[in-house]
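Worksheet: the structure to be examined is printed underneath.
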Amino acid sequence: MKPRDLTAGFANGAESFDRLFAALWSPIGAATVKAAGLRPGAHVLDACCGSGASAIPAADRVAPHGTVDAVDLAEPLLHLGRARAAARGLGTVRFAPGDVLDWPAPRGGYDAVVCSLGIFFFPDMAAGTERLSRLLRPGGRLTATIWARGAVEPLPELIFRSVLPERPELAEASRPANPLEPIGTAESFRDWLTARSLSFVEVERYPLALPRDPDLLWSLVLGTAFRGLLDGLPAAAVERVRERFTASLLEGGRDPIDFSTLVGTGALRRVAPRRHAGGTRRFPTAIEPIGPMPHIS
Ligand SMILES: C[S@@+](CC[C@H](N)C(=O)[O-])C[C@H]1O[C@@H](n2cnc3c(N)ncnc32)[C@H](O)[C@@H]1O
1 MKPRDLTAGF ANGAESFDRL FAALWSPIGA ATVKAAGLRP GAHVLDACCG
51 SGASAIPAAD RVAPHGTVDA VDLAEPLLHL GRARAAARGL GTVRFAPGDV
101 LDWPAPRGGY DAVVCSLGIF FFPDMAAGTE RLSRLLRPGG RLTATIWARG
151 AVEPLPELIF RSVLPERPEL AEASRPANPL EPIGTAESFR DWLTARSLSF
201 VEVERYPLAL PRDPDLLWSL VLGTAFRGLL DGLPAAAVER VRERFTASLL
251 EGGRDPIDFS TLVGTGALRR VAPRRHAGGT RRFPTAIEPI GPMPHIS
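Numbered per my numbering, the sequence shown spans residues 1 to 297.
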């Protein structure tokens with residue numbers, strides 16, 4: 001499946017997506033930017049930027065001379081991001097449509113790439129993340145945020161069961177494996193990022209929970225990839241899905257829904273100069289790690 005197929009829900013449901021901005025996307029985006037340790041003057045790529053949850057605080061951090069290229073496939077989300085930046089008078093961020101897997105590196109590479117809740121949409125998560133790290137200058141930092149193990153549960157199952165009576169054929173369809181399952185702990189995510197050409201990887205868990213508010217959580221169905229399950233259903237059927245979803249959410253008790261994330265950051269291993277056997281000339285022949293950048297909070 002192409003990224004565009006999987007992410008159509010974000011473009012078609014931009015308004016619903018943005019209803020979760022204050023409660024969900026913005027706090028996670030802020031945690032991502034804090035972990036990235038951006039400095040004033042840095043040149044940053046925000047990959048899969050959505051409506052600006054991390055791009056806006058990143059643009060604040062790098063001001064006045066830095067830049068943030070904020071890239072997403074979903075143009076309606078970029079409009080919302082631009083409006084947010086304009087409202088804050090931020091001239092350091094540029095929202096641009098595009099597939100980050102084709103996005104070119106600027107001359108010399110970015111100082112930092114951040115990707116909050118985006119890498120698990122790549123058709124090949126490992127190859128896509130490596131592609132992002134290749135957009136960095138040597139020593140530049142990649143910060144990627146994913147859902148922690150158990151987060152968002154039991155919503156996918158509740159949504160699926162609410163849709164099933166309208167789409168009985170789904171019962172036979174094979175359910176795609178969750179790409180985050182093997183890397184949902186801080187330790188496994190750290191090892192996984194280290195295998196993506198990164199050094200000095202640090203992973204922090206950012207705890208977050210939202211109440212079982214059916215209206216708010218229905219926005220998650222309408223504004224994200226879950227929306228694809230409703231494609232082509234008549235309005236009355238969508239309403240029945242919503243009623244079942246609401247009922248099952250409330251039947252499940254009063255406990256809030258966990259939306260905790262893992263925020264991982266590491267530095268690109270750089271090409272190390274090596275002394276030429278016959279003299280003092282140095283050749284870049286090996287990859288060696290450089291030290292971690294101090295965090296600025
Ligand atoms: C869960 S949203 C997160 C958005 C934003 N980072 C935030 O935290 O609010 C995932 C976003 O990734 C975008 N996306 C997924 N794959 C992409 C790709 N290959 N290129 C650009 N954007 C992509 C989707 O369009 C969607 O806006």
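All residues carry an ideal CB built from backbone N, CA and C; glycine is no exception.
None of these values were measured; they are calculated from a predicted model.
3 or more residues per run - each beta strand (DSSP E) lying fully within the region 107–169: 110–116 and 136–147
Best match in Leu80, Asp99, Asp111 and Ala74 for proximity to Val68 [C-alpha to C-alpha]: Asp111
Same chain, Cβ closer than 6 Å to Gly9, neighbours up to 5 away in sequence not counted: Thr224, Ala225, Arg227 and Gly228
Residue of Leu170, His65, Pro27 and Glu251 minimising C-alpha distance to Val263: Pro27
Beta-carbon proximity of Arg240 to Glu166, cut-off 8 Å: yes
Opposing strand residues paired with Ile56 [DSSP bridges]: Note: Ile56 sits in no beta bridge, so no partner.
Nearest to Ser54 (by Cα), restricted to the options Glu172, Leu24 and Thr7: Leu24
Whole-Å CB distance - Leu90 paired with Ser219, under 8 Å assumed: The Cβ separation is near 25 Å, so there is no contact.
Cβ contact check for the region 251–258 and the region 148–155: 3 or more pairs under 8 Å: yes
Validate contact between the region 120–139 and the region 202–220 using beta carbons, cut 8 Å, 3 pairs: no
Where Pro182 falls: helix, strand or coil (DSSP): helix
Check: Trp25 C-beta below 7 Å from any heavy atom of ligand 1: yes
Cα-Cα separation between Ser133 and Arg196, rounded to whole angstroms: 8 Å
Any non-hydrogen atom of ligand 1 within 7 Å of Leu158 CB: no
Reduced DSSP category for Ser16 - H, G, I as helix; E, B as strand; rest coil: helix
For Phe245: DSSP bridge partner residues: Bridge partners of Phe245: none, in fact.
Leu101 versus Gly253: straight-line alpha-carbon distance, rounded: 41 Å
Collapsed DSSP secondary structure at Glu187 in the structure displayed: helix
Helix, strand or coil at Arg210 according to DSSP, with G and I counted as helix: A small correction: the amino acid at residue 210 is Leu; Arg does not occupy that position in the sequence shown. Three-state result, Leu210: strand.
Between the CA atoms of Ile146 and Ser188 - distance to the nearest angstrom: 12 Å
Spatial distance of Gly13 from Pro123 (CA atoms): 21 Å
Thr143 to Ala47 span [Cα, whole Å]: 10 Å
Any non-hydrogen atom of ligand 1 within 7 Å of Ile257 CB: no
Distance CB(Pro40)-CB(Val62) smaller than 8 Å: yes
Candidates Arg205, Ser116 and Thr7: closest to Gly29 by CA position: Ser116
Inter-residue Cα distance where the pair is Leu198 and Gly139: 9 Å
Proximity of Ser162 and Ser248 at Cβ, strictly below 8 Å: yes
Under the three-state DSSP convention, the category Phe10 falls into: helix
Alpha-carbon spacing of Glu15 relative to Phe245, whole angstroms: 20 Å
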